[in-house]
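Asker:
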Amino acid sequence: MAASLQDQLLSKGLINKNKAKKIQQEQQQKKKISRKHKTEYVDEAKLAAEQAQKAKAELDKKLNQELKAKAEEKAIAAQIKQLIDNNSIEVTSKEVAFTFQHAGKSQSLVVERAQEAQIKKGRLVIVQQVEAKDSGNYLLVASQVADKIASRNASYIAYQADLQQLEQDEEDPYAGYEIPDDLMW
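Residue numbers (the working numbering): 1298 to 1482.
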């Protein structure tokens, strides 16, 4: 059986018998006073150890939550990558450069004329590739796939036509009339 701390300190010569006896008497006196006044004896070292343990537990919990959040972000990025890879629409003939604004910069994607019309109608959406988040590699996906991507992380959507604006444009009674270039007011 292990010796008490007091015995260990005595054997190492760090304290003498008189000092050890004095410390033991003080502890007994504190316990006697607490019993007499019906108060609980409070061990400061024990309290400090409990507080340190609680602080460590809270820190561990916080770190665990951060790790869990990072793992969740990676999982979402993998899901988005899979959605884009499996559902991207290939541009076979490059006819028209479709220009759009993304991240405060003017970007362009060369597409077919039919695809350009579908982009403007909101049926196709331009998304940014996961591994090339900053380099500007863009692909086309259907609007249903883009909705799934946006529900996970909307920052991958580079351009999506505003459907409310399209509805207003369709209701315009003068939509079929072109404005002449040489019109003088």
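Glycine included, C-beta positions come from ideal geometry on N, C-alpha and C. In this text the structure is predicted, and so the values were computed from the model without any measurement.
1) Here's the rule I'm using: 16 or more other beta-carbon atoms within 10 Å means buried, otherwise exposed. How should A1400 be labelled?
2) If you reduce the DSSP assignment to three classes, tell me which class L1311 lands in.
3) Classify I1330 as buried or exposed, calling it buried when 16 or more other Cβ atoms lie within 10 Å of its own Cβ.
4) So, for A1458: in the same chain, excluding its five sequence neighbours on each side, which residues have a beta-carbon less than 7 Å away from its beta-carbon?
5) Quick one: Cα of S1405 to Cα of A1411, how far?
6) In chain order, which continuous runs of the alpha helix (DSSP H) of length 4 or greater are located wholly inside the stretch 1329-1371?
7) Which runs of the beta strand (DSSP E) fall wholly inside the stretch 1386-1456 and span at least 3 residues, in chain order?
Answerer: In terms of the structure at hand:
1) exposed
2) coil
3) exposed
4) I1416, K1417, K1418 and G1419
5) 16 Å
6) none
7) 1393-1399, 1402-1408, 1421-1425, 1435-1439 and 1454-1456
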